[in-house]
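As structure tokens, the structure follows; a few thoughts come after it.
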Amino acid sequence: MTRFIFPFLLSLLCLYAYGQRTGKSLSDYVEDAKQYSPLLHDYRHQLQIEQAELRRLKALYTRSRLELNGDYLFVPVLTKDGGQTSFRWNAQDATDYYGYDLGESSGHLHAGATWTQPLLGHSSYKVAQEQSRINMDMARNHIRLEENQLERAVTEQYLLCLLDQTQIAFADSIDALLKRQTSLVRQLA
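Just so we're on the same page, our numbering is the position in the sequence shown counted from 1, plus 2.
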């Protein structure tokens, strides 16, 4: 029981201490907005995707490739020859059986390898590389634009909050002044 209570109390204490931290500046709020913006994360992931795509295209256009392929067809049947039922992979001599028609199909094995070397892939890769560079520049520009928009929005909200805070302080000072004047008038009356 105590092993559950101690971590719980410790986490509550840490939460309370973190919640008491005040005095965050505008730059703290801007950095938090940039850090947690899903749109900025998306643009950064687009950069990573574009880099991975460029590596894939380089391998496709400039490197040789070895491909292995093949297939194996077998015709399994259950034979009842000699009064015993048995399983056979390819029973060409069976007379009493269940399964595929032996006259229609037979088993076979086919295997092959293909080696491909691109001859004119470097020019195609250069075009893909240029397109990728353009896409990455666009993503970087989107990141900078979004960071500027976030900074503007956070600054506007911060200024509005400061304005509200000063208005509240002004209203509180007027309230305190009116209360003091009310008490003075009551004492004089």
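Just so you know, even glycine gets a beta-carbon here, dropped at the ideal spot from N, CA and C.
| Query | Result |
| --- | --- |
| Please classify Val-129: is it buried, with 16 or more other beta-carbons within 10 angstroms of its beta-carbon, or exposed? | exposed |
| So, does the segment 77-89 touch the segment 39-50, judging by three or more C-beta pairs under 8 Å? | no |
| From Ala-113 to Ser-66, what distance separates their C-alpha atoms? | 20 Å |
| List the whole-angstrom C-beta distance separating Glu-52 from Ala-141, where the pair is believed to meet the contact cut-off of C-beta under 8 Å. | 7 Å |
| Any C-beta of chain D sitting closer than 7 Å to the C-beta of Ser-13? | Among the chains of the structure shown, chain D does not appear; only one protein chain is present. |
| Note down, in chain order, each residue of its chain lying with its Cβ closer than 8 Å to the Cβ of Val-156, except the 5 sequence neighbours on either side. | Leu-28, Tyr-31, Val-32 and Ala-35 |
| Enumerate, from N- to C-terminal direction, the unbroken beta strand (DSSP E) stretches of 3 or more residues contained entirely within the segment 53-89. | 67-75 and 79-81 |
| Is the beta carbon of Gly-101 closer than 7 Å to that of Leu-75? | no |
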